[in-house]
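**Q**
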Amino acid sequence: MLTGTALGVSALLGIACGVVAYTFVYARGGSYLTDAPAACVNCHIMREQYEAWTRSSHHSVAVCNDCHTPEAILPKYWTKAQNGFWHSFYFTLGRYPDPIQITPRNRRVTQAACRRCHAAIVQAIDSAGAAWEPAYQSDCLACHRDVGHLH
Amino acid sequence: MQPSEQTPSPTPTQSSGQLAKFGLVVVVAALVTIAGLALLVSIFERKQEAKNPFFRVVELTDETEDPAIWGKNFPIQYDTYKRTVDQVRTRYGGSEALPRTPTAADPRSVVAQSKLEQDPRLKIMWAGYAFALDTREDRGHAYMLDDQTYTGRQARPQPGACLNCHASTYVAHKRAGQGDLLKGFELVNALPFAEARKLVKHPVTCIDCHDPATLALRITRPAFIEGIRHLKAAQGIKDYDVNRMATRQELRSFVCAQCHVEYYFAGERKRLTFPWHKGNKIEDILAYYDEAKFADWTHAETGAPVLKVQHPEFELWSQGIHARSGVACADCHMPYMRVGAYKVSDHHVRSPLLNINKACQTCHRWPERELEARAQLIQDRTYQMRNRALDALMDLINDIKTAKAAGRPEADLAAARSFHRKAQFYVDFIEAENSTGFHAPQEAMRILGEAIDFCRQGQMTLRQSPSPSPTPKQ
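Going down the list, the sequences are from chains A and B.
Residues in the first sequence are numbered from 1 upward in steps of one, following the numbering used here.
Residues in the second sequence are numbered from 152 upward in steps of one, following the numbering used here.
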């Protein structure tokens, strides 16, 4: 038998859980667990990047997550969790640079994605030693910054 | 708590401990609820702001000239448009707000600095022409109509054609032509300035660049419609109709090029004409003027038939790397900005050097100081070369003056005068252009270099021994 107090506390916790659950659904929280590019424009900050991607050379072969998250499942969701938290944090508080810029960590993720898909070409043009010394690796994005999306 | 009769009542310590636990749970649950709700409301607000790109609160027609009415539908654009009253200097451009005592004839209480006072060589270059009376640094769009109405150049009669680029003339032209834009344009061009001035109310406004029904960009200036048709014909494209054939990205430059170009008033009817019939590089333009035997005035000191160049921003930009890469005027001078969920063009048209983050860094991911230093280096070099070219021009003018005073025959002077015309056109092209070379750095240097060479050649013609006979030399 639940006592009255326990009932009250449970109700409070239930309300808290309910509010949080509803907020999650309303904010389309579930969509962030998928690979759908539309999830990235749930908020309007990346609309320009999204629209540019729909017109880019890569849009038929790669979606956002192909280039912006690692391939393996754990690093992928760790990256999503990290970015998800900081994006929500800055968007909610309204403190972010405009035009938005990629962070060094995310740039490394993208660079790795270039090298993964274009391994054959990359191997041919990398300088000797690139396999064990990242400093010798060619920087794809220095020249091809706009293949995924302009800006 | 409802203690049963068998169990003893909890001691006061037990009871207060449970109370504290209870309180803690309530506080935590309350905080979670507050955070959840706050986030929910924030997400709701953000979703709402993204819903409507704009609200149509007034009807706009093809007669709506007043920008304040457009501003009711587009408050963000209107707000930034109003800021063109700002007077801010860059190293070589921009304007300083100088106070002046208003008079009955000129009620302006603030003007920009005088270029003639800054560089007296300009007075000699323009000797005998109205620009030697009063030439000030250009100010923002908000001042274009007043600055033309009250300039000291009005001491010489000016035609209504000036207003093509100093006022919002689209509606005025249509009214004057009773619906026919081209006819109205021809009529207003030929009017004296004071009479034409009564037909217009505003400096450049929304309707000069935007279709009121779709808000799409469109060309409203007959001189540009004709000018670009000639230019395209010179490039092998026949019957070019700019409003039908130009892409949106091209229009984001073309609407500016309705005014930021070299022009002249052709014939007695003062028809505003862009001299692009042979192309829009400097030599094409000069070749056109030579063929049309056009001169703005006869130079007071040398007697050469000379030309005044007017802000050829579009022409110089056309020769630069940004044009080649498809970057439009608006990309740097009216960059996109984010206001809430809206992405709008900044209608505070100004120097990109005052807005490097939005204007340059969207494409060039280098530190702001680095980009600024790079642009200023280009301008420093152009300015130094411009100074040398102006010095060379002063020397040529002096030599011709001396030769004239010494009684050299007209035939001898003719060749030197022809070089004076050329050299001055080249120097003035960069002097009058508003980017101090930035729009096309290499082309600007080439033009100034050639100007110096024309001065040298002009001086050389005077070093030859005087002609024995009065027959003109070829």
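Ideal Cβ placement from N, Cα and C applies to all residues, glycine included.
With a 10 Å radius around its C-beta and 16 neighbouring C-beta atoms as the bar for buried, classify residue 577(B) as buried or exposed.
**A** Reading the second sequence from its first residue, position 426 is the one you call residue 577(B). By the 10 Å Cβ count, residue 577(B) comes out buried.
**Q** If you drop the 5 nearest sequence neighbours on each side, which residues of the same chain put their C-beta closer than 7 Å to that of residue 623(B)?
**A** As a working mapping, residue 623(B) is identified with position 472 in the second sequence. For residue 623(B), the predicted structure reports a pLDDT of 48, less than 50, and the residue's modelled location is therefore unreliable. A value from the coordinates is still provided. So the qualifying residues of the chain are 562 and 565.
**Q** How do the segment 206-222 of chain B and the segment 487-499 of chain B stand: do at least 3 beta-carbon pairs fall below 8 Å, yes or no?
**A** No, they do not touch.
**Q** Hey, does residue 146(A) have any beta-carbon neighbour from chain B nearer than 7 Å?
**A** Locating residue 146(A) in the first sequence gives position 146, counting from the first residue. Cβ-Cβ to chain B under 7 Å: no for residue 146(A).
**Q** Quick check: residue 109(A) and residue 115(A), are their CB atoms within less than 7 Å of each other?
**A** For the purposes of this step, residue 109(A) is taken as the residue at position 109 of the first sequence. For the purposes of this step, residue 115(A) is taken as the residue at position 115 of the first sequence. Against a cut-off of 7 Å, the Cβ pair of residue 115(A) and residue 109(A) comes out as no contact.
**Q** Along the chain, where does the alpha helix (DSSP H) that runs through residue 414(B) open and close?
**A** Position 263 of the second sequence, counted from the first residue, corresponds to residue 414(B). Careful: residue 414(B) lies outside any alpha helix (DSSP H) and carries neither H nor E.
**Q** Output yes or no for whether 7 Å exceeds the beta carbon distance between residue 480(B) and residue 404(B).
**A** Here residue 480(B) refers to the residue found at position 329 when the second sequence is read from its first residue. Here residue 404(B) refers to the residue found at position 253 when the second sequence is read from its first residue. Against a cut-off of 7 Å, the Cβ pair of residue 404(B) and residue 480(B) comes out as a contact.
**Q** Do you know offhand how far residue 92(A)'s Cα is from residue 190(B)'s?
**A** Taking the first residue of the first sequence as position 1, residue 92(A) is located at position 92. Taking the first residue of the second sequence as position 1, residue 190(B) is located at position 39. Their backbone Cα atoms lie some 8 Å apart in a straight line.
**Q** Does the count of Cβ pairs from the segment 386-399 of chain B and the segment 439-449 of chain B closer than 8 Å reach three?
**A** These segments do not touch.
**Q** Using a Cβ-Cβ cut-off of 7 Å, state whether residue 126(A) counts as contacting chain B.
**A** The count along the first sequence starts at 1 and reaches residue 126(A) at position 126. Judged by the 7 Å Cβ criterion, residue 126(A) is not in contact with chain B.
**Q** Between residue 92(A) and chain B, is there a C-beta pair that is closer than 7 Å?
**A** On the first sequence, position 92 is the one that residue 92(A) refers to. Taking Cβ atoms only, chain B reaches closer than 7 Å to residue 92(A), which makes this a yes.
**Q** Any beta carbon from chain A within less than 7 Å of residue 646(B)'s own beta carbon?
**A** Past the edges of chain B, shown from 152 to 625, lies residue 646(B), and the structure says nothing about it.
**Q** Going along chain B in order, which residues have a C-beta closer than 7 Å to the C-beta of residue 69(A)?
**A** Sequence index remark: in the first sequence, residue 69(A) carries index 69 (1-based). Within 7 Å Cβ-Cβ: nothing; residue 69(A) doesn't reach chain B, min ~22 Å.
**Q** For the segment 588-606 of chain B against the segment 533-550 of chain B, are there 3 or more C-beta pairs whose distance is under 8 Å?
**A** These segments touch.
**Q** Quick check on residue 533(B): does DSSP put it in helix, strand or coil?
**A** For the purposes of this step, residue 533(B) is taken as residue 382 along the second sequence, with counting starting at 1. Looking at residue 533(B) - three-state DSSP - the assignment turns out to be helix.
**Q** Apart from the five residues just before and just after residue 470(B), which ones in its own chain have a Cβ nearer than 7 Å to its Cβ?
**A** As a first step, residue 470(B) must be located in the second sequence, where it is residue number 319. Cβ neighbours of residue 470(B) beyond the five flanking positions: 432, 591 and 594.
**Q** Run through chain A and tell me which residues come within less than 7 Å of residue 512(B), C-beta to C-beta.
**A** Taking the second sequence and counting its residues from 1, one reaches residue 512(B) at position 361. In chain order: 99.
**Q** Flag this pair as yes or no: are the beta carbons of residue 574(B) and residue 544(B) separated by less than 7 Å?
**A** Locating residue 574(B) in the second sequence gives position 423, counting from the first residue. Locating residue 544(B) in the second sequence gives position 393, counting from the first residue. Cβ atoms of residue 574(B) and residue 544(B): closer than 7 Å.
**Q** Mind pulling the chain A residues with CB within less than 9 Å of residue 494(B)?
**A** Locating residue 494(B) in the second sequence gives position 343, counting from the first residue. Within chain A, the residues near residue 494(B) are 44, 47 and 48.
**Q** Do residue 450(B) and residue 439(B) have their C-beta atoms within less than 7 Å of each other?
**A** Position 299 of the second sequence, counted from the first residue, corresponds to residue 450(B). Position 288 of the second sequence, counted from the first residue, corresponds to residue 439(B). Contact: no.
**Q** Between the beta-carbon of residue 12(A) and the beta-carbon of residue 171(B), is there less than 7 Å?
**A** One-based indexing of the first sequence puts residue 12(A) at position 12. One-based indexing of the second sequence puts residue 171(B) at position 20. Against a cut-off of 7 Å, the Cβ pair of residue 171(B) and residue 12(A) comes out as no contact.
**Q** For residue 522(B), which residues from the same chain have a beta carbon less than 8 Å from its beta carbon, with the 5 sequence-adjacent residues on both sides left out?
**A** Within the second sequence, numbered from 1, the residue matching residue 522(B) stands at position 371. Closer than 8 Å at Cβ, skipping near neighbours: 507, 511, 512 and 515.
**Q** Residues in the same chain with beta-carbon distance under 6 Å from residue 570(B), minus the five sequence neighbours each way, listed in chain order, please.
**A** As a working mapping, residue 570(B) is identified with position 419 in the second sequence. So the list reads 605, 608 and 609, once near-sequence residues are dropped.
**Q** For chain A, check one thing: does any of its Cβ atoms lie closer than 7 Å to the Cβ of residue 170(B)?
**A** On the second sequence, position 19 is the one that residue 170(B) refers to. No, residue 170(B) does not count as interfacial toward chain A.
**Q** Roughly how many whole angstroms lie between the Cα atoms of residue 378(B) and residue 426(B)?
**A** The sequence position of residue 378(B) within the second sequence is 227, counting from 1. The sequence position of residue 426(B) within the second sequence is 275, counting from 1. Near 7 Å, if we compare the C-alpha coordinates of residue 426(B) and residue 378(B).
**Q** Along chain A, which residues have their Cβ under 7 Å away from the Cβ of residue 201(B)?
**A** Within the second sequence, the letter at position 50 stands for residue 201(B). What residue 201(B) touches in chain A: 44.
**Q** How many Å lie between residue 146(A) and residue 102(A) at the Cα?
**A** Position 146 of the first sequence holds residue 146(A). Position 102 of the first sequence holds residue 102(A). So the two alpha carbons sit approximately 13 Å from each other.
**Q** Counting contacts by CB-CB distance shorter than 7 Å, is residue 33(A) in contact with chain B?
**A** Taking the first residue of the first sequence as position 1, residue 33(A) is located at position 33. Not closer than 7 Å to any Cβ of chain B, the Cβ of residue 33(A) fails to qualify, so no.
**Q** Looking at chain B, is there any beta carbon in it that lies within less than 7 Å of the beta carbon of residue 36(A)?
**A** Here residue 36(A) corresponds to residue number 36 of the first sequence, with the count starting at 1. Answer no: the Cβ-Cβ gap between residue 36(A) and chain B never drops below 7 Å.
**Q** Along the chain, where does the alpha helix (DSSP H) that runs through residue 564(B) open and close?
**A** As a first step, residue 564(B) must be located in the second sequence, where it is residue number 413. Start and end: 561-583.
**Q** Between the segment 31-46 of chain A and the segment 58-65 of chain A, are three or more C-beta pairs nearer than 8 Å?
**A** Output reads yes: the segment 58-65 of chain A touches the segment 31-46 of chain A.
**Q** With DSSP run on the structure shown, which of helix, strand or coil describes residue 493(B)?
**A** By one-based count along the second sequence, residue 493(B) stands at place 342. Residue 493(B): strand per DSSP, three-state reduction.
**Q** Would you say residue 154(B) lies against chain A (beta-carbon separation less than 7 Å)?
**A** Sequence index remark: in the second sequence, residue 154(B) carries index 3 (1-based). Residue confidence is low: residue 154(B) scores 46 on pLDDT, short of 50, so the model does not pin down where it sits. Its coordinate-derived value is still stated next. Cβ-Cβ to chain A under 7 Å: no for residue 154(B).
**Q** Threshold first: 4 residues or longer. Then list the alpha helix (DSSP H) segments lying entirely within the segment 265-311 of chain B, N to C.
**A** Whole alpha helix (DSSP H) segments, 4+ residues: 266-269, 272-276 and 295-300.
**Q** Can you tell me whether DSSP reads residue 95(A) as helix, strand or coil?
**A** If you number the first sequence from 1, residue 95(A) lands on position 95. Three-state result, residue 95(A): coil.
**Q** Does residue 449(B) come out as helix, strand or coil in the three-state DSSP assignment?
**A** For the purposes of this step, residue 449(B) is identified with residue 298 of the second sequence, where counting begins at 1. Correct three-state label for residue 449(B): strand.
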